[in-house]
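Residue numbers (my numbering): 746 to 902.
Each residue gets a CB set at the ideal place from its N, CA and C atoms; glycine is no exception.
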Amino acid sequence: MKKVIKPIFNIIEQIHKWLFYEHTRIMECFNAFALMGFATVMFLNYTIINTLPSYTKFAYVSPKWWWLVMTGLGVMQGIAILCESNRSNQISGYVLMLSGAVWALIALTFNMDTATTTSTVIYSIFALFCSLTGLELFTNSVSTKGNKNVNANYYVK
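So, in structure tokens, the structure goes:
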């Protein structure tokens, strides 16, 4: 039993270290998966989902090809995460900022109905976090990501 569990825990530990070593990586990963997941579901079920009361306004705001663009942004985000260079960090930051605008548009689309839903609040917060994380990556990528000697007190002056 120990021979089975120990390698699993080692893999989980490696994933945990990779995901949380960089202070922005968790948001980058979450955004990449959210973009691809949301867009894939919308693309594959576009006509069905648009009949649901909360999603009716999506027919006015986003044509079907929009979901392919969102998937492309998610793929770009994923590729940028895997690369470790200042350029890939800046690209990842730029994609996060663009994604912030996409999530804000989605939040507004949910709000186009007469009643505000919880989706409006959640996607607005997600848009804000994507934008702020993207700005952090875009402006500070030279001094943070990929540097193995990053001081734990980076933000303390």
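- Between leucine 882 and leucine 841 the beta-carbon gap is near 6 Å, inside 8 Å, which marks them as a contact.
- The shortest CA-to-CA distance from serine 830 to any of Leu843, Ile760 and Glu767 is the one to Glu767.
- Following the DSSP letters along the chain, one finds methionine 821 inside the alpha helix (DSSP H) bounded by residues 809-827.
- No residue range can be given for lysine 802, since it is assigned to no alpha helix (DSSP H) and is classified by DSSP as neither H nor E.
- The shortest CA-to-CA distance from lysine 809 to any of Tyr791, Thr863, Tyr868 and Ser869 is the one to Tyr791.
- With fewer than 16 other Cβ atoms inside 10 Å of its own Cβ, leucine 789 counts as exposed.
- For methionine 772, the uninterrupted alpha helix (DSSP H) segment begins and ends at 770-789.
- Rounded to whole angstroms, the gap between the alpha carbons of threonine 796 and tryptophan 812 is 17 Å.
- Shown here, methionine 842 sits in a helix according to DSSP, grouped into three states.
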